[in-house]
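Undergrad: Residue numbers (the working numbering): 15 to 205. Here it is, the structure in full.
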């Protein structure tokens, strides 16, 4: 499935305050976000499914696509627009695990991840961290030069992730990306 945006937002990590979380989401969608990932590692499956169904309803009101970061079993219970495989889950498949009419994305951090993502026909990948991030301060960033070399070797469309802000879209594209993905650089920056 072709991706027609250069911004991929990843939700922030506090969905326990559902009211505040959903208000923040609506602000982002009203600001033009059309593709986003619901990521909530701290929620159990029951809460995740409940909240994801609410988020999906809101997303579709704004003609946005919702990508879930969860297990395939959880994904099957929600019928969202797509699934984001973590780099660990990515290696659990030898072929595409969801229908072609759904978006399949992969979280990649190196050449091997990108090769695996391409082998199972993901629609796009995120490659991170490109720049230093507050959320992973001890992780060595790839830098733009290494990032561009890695994605030059794949046919998979790639979003740059890690330290990204909207001002980085043109730099990301100059380095071969289709755009940027971000949590902090997007989730908290629309008001």
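Just so it is clear, CB atoms sit at the ideal spot from N, CA and C, and this is done for glycine as well.
In terms of residues, what are the limits of the beta strand (DSSP E) holding residue 84?
TA: Where residue 84 is concerned, there is no enclosing beta strand (DSSP E), given that its DSSP letter is neither H nor E.
Undergrad: Thinking residue 151 and residue 177 are a contact (beta carbons under 8 Å), I'd like their distance in whole angstroms, please.
TA: Rounded, the Cβ-Cβ distance is 11 Å, inconsistent with contact.
Undergrad: Report the residue from 99, 117, 108 whose alpha carbon sits nearest the alpha carbon of residue 123.
TA: Checked all of 99, 117, 108; the closest Cα to residue 123 is 99.
Undergrad: Looking at residue 19 and residue 39, is the spacing between their C-beta atoms short of 8 Å?
TA: Result no, Cβ atoms of residue 39 and residue 19 do not sit closer than 8 Å.
Undergrad: Return the CA-CA distance between residue 198 and residue 24, expressed in angstroms with no decimal places.
TA: Between residue 198 and residue 24, the C-alpha separation is close to 8 Å.
Undergrad: Taking Cβ to Cβ, would you say residue 233 is nearer than 8 Å to residue 15?
TA: An answer regarding residue 233 cannot be provided, because it is not within the stretch 15 to 205 covered by the chain.
Undergrad: Could you pull the DSSP bridge partners for residue 36 from this structure?
TA: DSSP output for residue 36 lists no bridge partner at all.
Undergrad: List the endpoints of the continuous beta strand (DSSP E) containing residue 97.
TA: Element bounds for residue 97: 96-99.
Undergrad: How is residue 199 classed by DSSP in three states: helix, strand or coil?
TA: Correct three-state label for residue 199: helix.
Undergrad: Tell me, which residues are paired with residue 23 by DSSP?
TA: According to DSSP, residue 23 bridges with 50, 196.
Undergrad: For residue 172, which residues does DSSP report across the bridge?
TA: For residue 172, which the question treats as bridged, DSSP gives the partners 139.
Undergrad: My understanding is that residue 183 touches residue 190, with C-beta atoms under 8 Å, so please give their C-beta distance in whole angstroms.
TA: About 13 Å; that fails the 8 Å criterion.
Undergrad: Compare the C-alpha of residue 55 against each of 72, 161, 28, 79 and name the closest.
TA: Cα-wise, what sits closest to residue 55 is 28.
Undergrad: Tell me which same chain residues have a C-beta within less than 8 Å of the C-beta of residue 78, skipping the five on either side of it?
TA: So the list reads 43, 47, 48, 49, 50, once near-sequence residues are dropped.
Undergrad: Decide if residue 96 is buried, meaning its Cβ has at least 16 other Cβ atoms within 10 Å, or exposed.
TA: Classification for residue 96: buried.
Undergrad: Could you tell me which of 144, 120, 92 sits nearest to residue 65, measuring between CA atoms?
TA: The candidate whose alpha carbon is nearest that of residue 65 is 92.
Undergrad: Helix, strand or coil: which one does DSSP assign to residue 92?
TA: In this structure, residue 92 counts as coil in the three-state DSSP scheme.
Undergrad: Apart from the five residues just before and just after residue 70, which ones in its own chain have a Cβ nearer than 7 Å to its Cβ?
TA: Counting only Cβ-Cβ distances below 7 Å, and skipping sequence neighbours, we find 80, 92, 94.
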